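Engineer: Sharing a structure here in structure tokens format.
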Amino acid sequence: MASIGGFTALYGSGRPYFSRALQLAVIALAFAFSVGIGIWVAPVGWAVVIAVAALAMVATWLSNALQIGPPGAYMFTLACAAGTAMPAAHIGPVGAAMLVLGGGAFAWAVHMGGALISYRGPERSAVTSAGRAVIGYIKSVGTPDEGAARFRAAFALHRAWTTLVNHQPSQVPADGPIARLRALNRELHLRFAEAMGDASRHQSPRPQLIADLHIFIEQVRDPKTMPALDGSAIPLGHPSAGAAMLEALQPGSNPMRVIVRVGVAAVLAGALTSIFHFERAYWAVAATVLMLHQGFDWMRTLQRSIERLLGTWIGLLLAGAILFIHPQGVWLALTIMALQFAIEMLVMRNYALAVVFITGAALTIAAGGHPVEDAGSYLWARGIDTLVGCALALVVFRLLPPRSTTRQIPEQLARVLRAVAEATGHLAHGEVTTPDARKSRRELQLASFALNHAYEDSLAASRAQRFAAEEWWPAIAAVERLAYRTLSTCWALEQLGGDAARETAASMFVNEGAARVREAIDGFVAAILKSNALPALPTLPHVLETELVDLHECLQRSSPPRGAVTS
Numbered sequence: 016m017a018s019i020g021g022f023t024a025l026y027g028s029g030r031p032y033f034s035r036a037l038q039l040a041v042i043a044l045a046f047a048f049s050v051g052i053g054i055w056v057a058p059v060g061w062a063v064v065i066a067v068a069a070l071a072m073v074a075t076w077l078s079n080a081l082q083i084g085p086p087g088a089y090m091f092t093l094a095c096a097a098g099t100a101m102p103a104a105h106i107g108p109v110g111a112a113m114l115v116l117g118g119g120a121f122a123w124a125v126h127m128g129g130a131l132i133s134y135r136g137p138e139r140s141a142v143t144s145a146g147r148a149v150i151g152y153i154k155s156v157g158t159p160d161e162g163a164a165r166f167r168a169a170f171a172l173h174r175a176w177t178t179l180v181n182h183q184p185s186q187v188p189a190d191g192p193i194a195r196l197r198a199l200n201r202e203l204h205l206r207f208a209e210a211m212g213d214a215s216r217h218q219s220p221r222p223q224l225i226a227d228l229h230i231f232i233e234q235v236r237d238p239k240t241m242p243a244l245d246g247s248a249i250p251l252g253h254p255s256a257g258a259a260m261l262e263a264l265q266p267g268s269n270p271m272r273v274i275v276r277v278g279v280a281a282v283l284a285g286a287l288t289s290i291f292h293f294e295r296a297y298w299a300v301a302a303t304v305l306m307l308h309q310g311f312d313w314m315r316t317l318q319r320s321i322e323r324l325l326g327t328w329i330g331l332l333l334a335g336a337i338l339f340i341h342p343q344g345v346w347l348a349l350t351i352m353a354l355q356f357a358i359e360m361l362v363m364r365n366y367a368l369a370v371v372f373i374t375g376a377a378l379t380i381a382a383g384g385h386p387v388e389d390a391g392s393y394l395w396a397r398g399i400d401t402l403v404g405c406a407l408a409l410v411v412f413r414l415l416p417p418r419s420t421t422r423q424i425p426e427q428l429a430r431v432l433r434a435v436a437e438a439t440g441h442l443a444h445g446e447v448t449t450p451d452a453r454k455s456r457r458e459l460q461l462a463s464f465a466l467n468h469a470y471e472d473s474l475a476a477s478r479a480q481r482f483a484a485e486e487w488w489p490a491i492a493a494v495e496r497l498a499y500r501t502l503s504t505c506w507a508l509e510q511l512g513g514d515a516a517r518e519t520a521a522s523m524f525v526n527e528g529a530a531r532v533r534e535a536i537d538g539f540v541a542a543i544l545k546s547n548a549l550p551a552l553p554t555l556p557h558v559l560e561t562e563l564v565d566l567h568e569c570l571q572r573s574s575p576p577r578g579a580v581t582s
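Numbering (the working numbering), first residue to last: 16 to 582.
Laid out in structure tokens, this is it:
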């Protein structure tokens with residue numbers, strides 16, 4: 016039973032150790048709570064179905080909103096469902112929860128061991144990855160891969176800022192390693208902005224940029240030579256936990272659909288397996304949650320179901336061998352540790368193979384160290400429950416599909432354009448480091464990521480939605496160029512700072528230039544969302560003129576199935 020707490024070690028990889036310590040502690044408590052709830056409701060059949068479904072929904076909501084990473088909500092649901100079938104009447108829910116918490120504490124200690132070797136390793140790795148991504152972008156300028164490389168670099172830089180800002184204490188020493196790594200990451204971002212500016216003018220970035228970036232990457236190991244940043248120069252990183260949790264509950268949003276989908280599938284799986292008296296109904300419930308909790312598109316959900324079935328049925332052979340050997344005491348603990356290590360090594364690289372070891376671990380834990388009288392029936396039940404769970408997940412996905420990308424893409428285009436207009440208002444005054452300006456820049460960055468994800472999701476959707484998305488592609492590419500041009504200009508003014516930034520901004524946006532940009536964007540949004548005719552463009556500021564004219568021409572040339580968009 017305590018080994019369930021050991022699944023705490025599956026989470027937190029890549030996070031800074033301070034943030035990781037807090038996250039893993041909460042996860043260990045969540046595992047203890049999940050098992051305790053499962054054991055508490057076990058005597059009442061209908062309560063089991065409601066409790067497991069409710070916990071699956073809450074776990075899906077929090078895991079996705081807070082981005083805790085794989086394996087996400089699945090393991091908490093599995094722990095709760097497994098608790099409903101554990102022979103733990105002699106110790107009760109509280110005693111079982113304490114055992115699980117003890118296993119979680121051990122996993123916490125093991126996972127935090129790396130801090131003794133390289134306490135700032137995750138932060139250095141994030142900045143190094145961002146630097147390499149920027150180098151990759153610079154090398155791709157002028158090639159067909161430029162757009163994808165630009166997105167990868169922007170995402171890597173944003174992830175580095177999240178690591179250096181959101182995952183750190185609210186106050187860090189002004190001359191400490193985090194402050195200096197922030198300074199390094201800012202230098203990377205400035206070079207990225209310069210390269211984007213050159214690319215927007217159809218020029219090749221200067222060769223010295225790559226040499227500078229290699230020097231910065233070398234400095235990551237010992238950033239003492241970098242001056243620390245003051246607070247106004249630090250981006251905001253990812254939105255706060257509270258904001259992310261509220262956003263995930265927006266009616267009609269895809270995150271909310273995923274939560275509802277998980278709840279419906281868990282209730283159906285629990286009800287059906289209870290009606291047909293499946294011996295271990297929680298296996299079917301766990302399988303449905305596993306298929307649905309990450310919010311994949313149809314093709315990836317179908318692929319994951321096939322991988323799950325194949326891995327499970329092969330894993331039954333491994334589980335059968337373990338049950339036949341029947342390890343006890345220390346050998347049982349070592350067996351489960353070995354299985355968990357294999358899962359950790361494989362789950363992100365080869366999911367189907369990882370499921371082989373997941374199945375072995377799950378069946379070994381479910382046996383509770385006791386001999387299984389009819390191992391054949393025990394293994395057969397696992398295979399059938401997984402089949403039922405995967406099938407139900409696919410049915411529920413079809414009944415509650417994601418929002419149509421023919422609606423999602425126009426909405427995301429409008430979101431990016433509105434964010435550009437908001438950021439331009441700050442840009443025109445040369446005030447790009449105020450709290451409001453930081454928020455608008457962050458929203459523009461996140462909106463551009465969401466637009467890219469919406470387009471990628473559409474490519475894995477139905478044939479009609481793929482066709483509609485391809486019709487939108489020229490406009491998507493033009494909007495992305497406009498967004499990154501706006502962001503790179505913000506970074507350029509930030510580098511100037513003070514009066515120089517305000518004077519440069521005034522020269523860029525003469526004669527109410529920001530108002531004319533907003534006028535053009537309002538026309539684009541009306542055309543995209545309401546099928547209004549595109550108005551003629553006003554005289555535009557030179558700094559954004561090329562990108563706005565390109566977008567105007569793309570919307571004129573293309574005729575995607577627009578129509579009014581409603582939520």
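For each residue, glycine too, the CB sits at the ideal point set by N, CA and C.
Given the structure is predicted, the values throughout are model-derived calculations rather than measurements.
1) On the three-state DSSP scale, how would you describe Thr158?
2) Out of Ala45, His173, Cys505, which has the shortest C-alpha to C-alpha gap to Glu446?
3) If you check the beta carbons only, do Ile42 and Gly60 fall under 9 Å apart?
4) Measure the CB-CB distance between Ala357 and Phe339 and report whether it falls below 9 Å.
5) By Cβ distance, which residues of its chain are closer than 6 Å to Asp213, with the 5 residues on each side in sequence left out?
6) So the alpha helix (DSSP H) Glu486 belongs to, where does it begin and stop?
7) Which same chain residues, not among the five before or five after Leu368, have their C-beta less than 6 Å away from its C-beta?
8) Could you spell out where the alpha helix (DSSP H) holding Pro192 opens and where it closes?
9) Are the Cβ atoms of Leu287 and Val411 separated by less than 9 Å?
10) What's the gap between the Cα of Ser215 and the Cα of Ala168?
11) Measure the C-alpha to C-alpha separation of Leu349 and Gln343 and round it to an integer number of angstroms.
12) When you compare the CB positions of Ala280 and Ala408, do they come within less than 9 Å of one another, or not?
13) Identify, in the order they occur along the chain, each residue of the same chain with its Cβ nearer than 8 Å to the Cβ of Arg139, setting aside the five sequence neighbours on each side.
14) Apart from the five residues on each side of it in sequence, which residues of its chain come closer than 8 Å, Cβ to Cβ, to Ile508?
15) Taking its Cβ as the centre, do 16 or more other Cβ atoms sit within 10 Å of Ala208, making it buried, or is it exposed?
16) In the DSSP assignment, the alpha helix (DSSP H) including Phe46 goes from what residue to what residue?
17) Measure the alpha-carbon distance for Ile491 versus Ala483 and round it to whole angstroms.
18) Where does Glu437 land, buried or exposed, given buried means 16+ other C-beta within 10 angstroms?
19) In three-state terms, what does DSSP make of Met101?
20) Would you decide whether Trp76 is buried or exposed? Buried here means 16 or more other CB atoms lie within 10 Å of its CB.
21) Out of Leu332, Ala301, Arg533, point me to the one whose CA is closest to Ala66's CA.
22) If you reduce the DSSP assignment to three classes, tell me which class Tyr393 lands in.
23) Please classify Ile125 as buried or exposed, where buried requires at least 16 other C-beta atoms within 10 Å of its C-beta.
24) Between which two residues does the alpha helix (DSSP H) containing Gln223 stretch?
25) To the nearest angstrom, how far is the alpha carbon of Met363 from that of Ala88?
26) Spell out a yes or no on whether the region 527-542 and the region 451-462 are touching, meaning 3 or more CB-CB pairs, one atom from each, closer than 8 Å.
27) Taking a contact to mean a Cβ-Cβ separation below 9 Å, would you say His308 touches Val275 in this structure?
28) Rounding to the nearest angstrom, what Cα-Cα distance links Leu199 and Val142 in this structure?
29) Tell me whether His126 sits in a helix, a strand or coil according to DSSP, three-state version.
30) Let me know if Pro159 comes out buried or exposed under the rule of 16 or more other beta-carbons within 10 Å of its beta-carbon.
31) Contact between the region 107-116 and the region 42-53: three or more CB pairs below 8 Å?
32) Within a Cβ cutoff of 7 Å, which residues of the same chain sit near Thr29, ignoring the five residues on either side of it in sequence?
33) Here's the rule I'm using: 16 or more other beta-carbon atoms within 10 Å means buried, otherwise exposed. How should Gln355 be labelled?
34) For Phe291, is the classification buried or exposed, using 16 other Cβ atoms within 10 angstroms of its Cβ as the cut-off for buried?
35) Flag this pair as yes or no: are the beta carbons of Ile337 and Thr379 separated by less than 9 Å?
36) Classify Ala551: buried if its beta carbon has 16 or more other beta carbons within 10 angstroms, exposed otherwise.
Structural biologist: In short, the structure shows the following:
1) Translated into the one-based positions of the sequence shown, residue 158 becomes position 143. When DSSP states are grouped into helix, strand and coil, Thr158 belongs to the coil group.
2) Translated into positions along the sequence shown, residue 446 becomes position 431. Here the closest residue by C-alpha is Cys505.
3) Counting from 1 along the sequence shown, the entry for residue 42 is found at position 27. Counting from 1 along the sequence shown, the entry for residue 60 is found at position 45. The Cβ atoms of Ile42 and Gly60 do not sit closer than 9 Å to each other.
4) Position 342 of the sequence shown, counted from the start, is the residue given in the question as residue 357. Position 324 of the sequence shown, counted from the start, is the residue given in the question as residue 339. Their beta carbons are not under 9 Å apart, which means Ala357 does not touch Phe339 by this criterion.
5) Within the sequence shown, numbered from 1, the residue matching residue 213 stands at position 198. Excluding sequence neighbours, Asp213 sits near Pro220.
6) For the purposes of this step, residue 486 is taken as the residue at position 471 of the sequence shown. Residues 478-511.
7) On the sequence shown, position 353 is the one that residue 368 refers to. Taken in chain order, the residues that qualify are Leu361.
8) Walking along the sequence shown from the start, residue 192 turns up at place 177. In the DSSP assignment, Pro192 falls within the unbroken alpha helix (DSSP H) covering 192-215.
9) Here residue 287 corresponds to residue number 272 of the sequence shown, with the count starting at 1. Here residue 411 corresponds to residue number 396 of the sequence shown, with the count starting at 1. No. Outside cutoff.
10) Sequence index remark: in the sequence shown, residue 215 carries index 200 (1-based). Sequence index remark: in the sequence shown, residue 168 carries index 153 (1-based). Looking at the backbone, the Cα of Ser215 and that of Ala168 are separated by about 16 Å.
11) For this step, residue 349 is matched to residue 334 along the sequence shown. For this step, residue 343 is matched to residue 328 along the sequence shown. In a straight line, the C-alpha of Leu349 is about 10 Å away from that of Gln343.
12) Start at 1 with the first residue of the sequence shown, and residue 280 comes out as number 265. Start at 1 with the first residue of the sequence shown, and residue 408 comes out as number 393. Ala408 sits close to Ala280, with the two beta carbons spaced by under 9 Å.
13) Locating residue 139 in the sequence shown gives position 124, counting from the first residue. Annotation for Arg139: Ser133, Leu196, Val235, Arg236 place their beta carbon closer than 8 Å to its own, counting only its chain and skipping 5 residues before and after.
14) Working through the sequence shown from its first residue, we reach residue 508 at position 493. Position check: residue 508 holds Leu in this sequence, whereas Ile was assumed. Non-local beta-carbon contacts of Leu508 in its own chain, meaning distances under 8 Å to residues more than five positions away in sequence, involve Leu442, Gly445, Val447, Ala516, Thr519, Ala520 in chain order.
15) In the sequence shown, residue 208 corresponds to position 193, counting from 1. Result: buried.
16) Here residue 46 corresponds to residue number 31 of the sequence shown, with the count starting at 1. 32-56 is the span of the alpha helix (DSSP H), which, as asked, contains Phe46.
17) Translated into the one-based positions of the sequence shown, residue 491 becomes position 476. Translated into the one-based positions of the sequence shown, residue 483 becomes position 468. The alpha-carbon atoms of Ile491 and Ala483 are separated by roughly 12 Å.
18) In the sequence shown, residue 437 corresponds to position 422, counting from 1. Counting Cβ neighbours within 10 Å, Glu437 comes out buried, since at least 16 surround it.
19) For this step, residue 101 is matched to residue 86 along the sequence shown. Looking at Met101 - three-state DSSP - the assignment turns out to be coil, as it is neither helix nor strand.
20) The residue labelled residue 76 in the question sits at position 61 within the sequence shown. Using a 10 angstroms sphere on the CB of Trp76, the tally of other CB atoms reaches 16 or more, which defines it as buried.
21) Stepping through the sequence shown from its first residue, residue 66 is reached at position 51. Distance check between Ala66 and each of Leu332, Ala301, Arg533 places Ala301 closest, using alpha-carbon atoms only.
22) Within the sequence shown, numbered from 1, the residue matching residue 393 stands at position 378. Tyr393: helix per DSSP, three-state reduction.
23) As a working mapping, residue 125 is identified with position 110 in the sequence shown. This sequence places Val at residue 125; Ile is not what is there. Counting C-beta atoms within 10 angstroms of its own C-beta, Val125 has fewer than 16 neighbours from the protein chains shown and is therefore classed as exposed.
24) On the sequence shown, residue 223 is found 208 positions in, with the first residue counted as 1. Per DSSP, the continuous alpha helix (DSSP H) segment holding Gln223 begins and ends at 223-234.
25) Taking the sequence shown and counting its residues from 1, the one referred to as residue 363 is at position 348. Taking the sequence shown and counting its residues from 1, the one referred to as residue 88 is at position 73. Our two residues, Met363 and Ala88, have alpha carbons roughly 16 Å apart in a direct line.
26) No: fewer than three Cβ pairs fall under 8 Å.
27) By one-based count along the sequence shown, residue 308 stands at place 293. By one-based count along the sequence shown, residue 275 stands at place 260. Cβ distance not < 9 Å, so His308 and Val275 don't count as in contact.
28) For this step, residue 199 is matched to residue 184 along the sequence shown. For this step, residue 142 is matched to residue 127 along the sequence shown. Computed Cα separation, rounded: 8 Å.
29) The count along the sequence shown starts at 1 and reaches residue 126 at position 111. His126: helix per DSSP, three-state reduction.
30) What you label residue 159 is simply residue 144 of the sequence shown in a count that begins at 1. Flag for Pro159 reads exposed.
31) Enough Cβ pairs lie closer than 8 Å, so yes.
32) Position 14 of the sequence shown holds residue 29. Sequence check: residue 29 is Gly here, not Thr. Only Pro137 meet the Cβ criterion.
33) Counted from its first residue, the sequence shown places residue 355 at position 340. A residue is called buried once 16 or more other Cβ atoms fall within 10 Å of its Cβ, and Gln355 is buried on that count.
34) What you label residue 291 is simply residue 276 of the sequence shown in a count that begins at 1. Label assigned to Phe291: exposed.
35) Residue mapping note: residue 337 aligns to position 322 of the sequence shown, counting from 1. Residue mapping note: residue 379 aligns to position 364 of the sequence shown, counting from 1. Using a Cβ distance threshold of 9 Å, Ile337 and Thr379 count as a contacting pair.
36) Walking along the sequence shown from the start, residue 551 turns up at place 536. Here Ala551 is exposed. Its C-beta has fewer than 16 other C-beta atoms within 10 Å.
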